[in-house]
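Following: one structure in structure tokens, then a few remarks.
Residue numbers (the numbering used here): 521 to 1003.
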């Protein structure tokens, strides 16, 4: 996000802190999780800059070098705490070079500024995403899985979930606000006729991870993919890639629809319409609209060169039943799971795992999904959290030929964050993308440094995964106008 002078921020921040401090620590009817002595806190806290610290917890090591949690090696829990009252700090998200590309977290944070001293102090990977399944460079593409935004520009719609929306963090004025979000998207043609459109910046006919409306049908579970043969998708000018051509997923017939495409300039004026779609770059400040099925027919029948089209978008806070204005102070990071709500683990949080393994006893399963979380603590401060294995040093050539991927079941991760023995004092937290996506980057005096192990194997070498977006503590502040 671009830093600008923002009014009445101190009042908003103070109110947010007050609300956080008065949140109940735990529900009376919820038994506290059993304390554990299996974790040891480092005596030295890493002060990255004024207001940004990193605290590290190490899992206990047994005499044979294993952990007491049925693991061959101990895990590491890292907590970055961000206190905007102690330094000139911002809290932002970034999509890196473009909204359609996946990049490593360290690269996304490097691109925040050309000046090394103004690059972020600390950051983690953001929300879930899927690469487009086919086409040139598909492995490096990114389609956001739920509502995502930077500088007030939506990159993806929310999950439908029977009208209940999906979990996300609205980042504004240095504070993450965790809630349920629902997007309302609408095109208005020159005659005033309207139509709902489905999403942003992904292949029409292939919603990733979750249904965008009740017309979407699930066709795959690993990865989770839906389909809808009648869609309209809008591409923003920060998409950064040629928009998708037909046939991006050979397994989903709807993506083969040649469709119809409309190019719109920065003033909302249609500059080009054509049968077929794909291969075009979105003009600066403009949009490209792709339709398939009945979506293509609506565009074909109602839009012509020199017509005006309005692209309407609303972001609804379902929890408080209010709209969130999408101005350039707003970023949104998506999630599918709230780990902690008012200091308690939500009843609906499942103990899921995508990478179960047999533990060191050869019988009992464990989960090695690394985990990333974003939250706030009792002091009203933002916390960035990662749970992973310890980093294995590279070989003599600088390559990572070994890894130590580890993590936890989802609900077990929440239990760890809420453990009285650790006393982390986290009130609200959401789960971000995990597994190979889990990455923590900090900027000590030597420059940006990755503090989590690479776990994706490429050509015999372990590398850090490329992701869709990142959340970071940046250089700057939120000022007030002088009276």
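Virtual Cβ for every residue (Gly too), placed ideally from N, Cα, C.
Own chain residues within Cβ distance below 7 Å of residue i, not counting five before or after
i	result
residue 871	929, 930, 931 and 932
residue 977	none
residue 990	613, 614, 625, 628, 629, 643, 644, 645 and 646
residue 619	675, 721, 756, 758, 759 and 760
residue 568	574, 641, 642, 962, 963 and 964
residue 823	709, 782, 790, 793 and 829
Residue i - DSSP class collapsed to helix/strand/coil
i	result
residue 957	helix
residue 543	A caution first: residue 543 carries a pLDDT of 38, below 50, which makes its placement in the model too unreliable to give a value.
residue 650	strand
residue 625	helix
residue 642	strand
residue 817	helix
residue 566	strand
residue 839	coil
residue 658	helix
residue 682	helix
residue 935	helix
residue 722	coil
residue 728	strand
residue 776	helix
residue 930	helix
residue 861	strand
residue 630	helix
residue 637	helix
residue 504	Residue 504 is absent from the model: the chain starts at 521 and stops at 1003.
residue 976	strand
residue 993	strand
Cβ-Cβ distance between residue i and residue j below 9 Å
i	j	result
residue 829	residue 763	no
residue 750	residue 806	no
residue 726	residue 747	yes
residue 626	residue 959	yes
residue 753	residue 691	no
residue 909	residue 924	yes
residue 757	residue 802	yes
residue 941	residue 557	yes
residue 912	residue 946	no
residue 920	residue 981	yes
residue 860	residue 948	yes
residue 566	residue 964	yes
residue 649	residue 622	yes
residue 891	residue 971	no
Beta-carbon contacts of residue i that lie in its chain and below 6 Å, excluding the five residues immediately before and after
i	result
residue 846	672 and 835
residue 956	975, 976 and 985
residue 983	974 and 976
residue 1054	Outside the modelled stretch of the chain, which goes from 521 to 1003, sits residue 1054, for which no answer is possible.
residue 832	706
residue 601	573, 901 and 903
residue 680	731, 732 and 733
residue 827	710 and 790
residue 820	780
CB contact check: residue i to chain B, cutoff 9 Å
i	result
residue 885	Note that chain B does not occur in the displayed structure, where there is just one protein chain.
Cβ neighbour criterion (16 or more within 10 Å) applied to residue i
i	result
residue 995	buried
residue 584	exposed
residue 787	exposed
residue 636	exposed
residue 554	Its pLDDT being 41, under 50, residue 554 is placed unreliably by the model, and the measurement read from it follows with that caveat. Exposed, because fewer than 16 other Cβ atoms sit within 10 Å of the Cβ of residue 554.
residue 706	exposed
residue 633	exposed
residue 850	buried
residue 721	buried
residue 711	exposed
residue 868	exposed
residue 967	exposed
residue 697	buried
residue 987	buried
residue 998	buried
Any non-hydrogen atom of the ligand NAP closer than 8 Å to residue i Cβ
i	result
residue 615	Absence of the ligand NAP is noted for the structure shown, with no ligands found whatsoever.
Residues bridged to residue i (per DSSP)
i	result
residue 887	876
residue 559	579
residue 664	649
residue 691	696 and 851
residue 669	674 and 852
residue 792	783
residue 596	578 and 908
residue 833	705
residue 602	572 and 902
residue 807	756 and 784
Proximal residues to residue i (C-beta, below 8 Å), its chain only, five neighbours per side dropped
i	result
residue 593	585, 586, 587, 909, 910, 924 and 926
residue 683	702
residue 531	Summary for residue 531: the model assigns pLDDT 36, below 50, so the residue's position carries little reliability, and this model does not support an answer.
residue 611	602, 604, 691, 694, 695, 696, 902, 991, 992, 993 and 994
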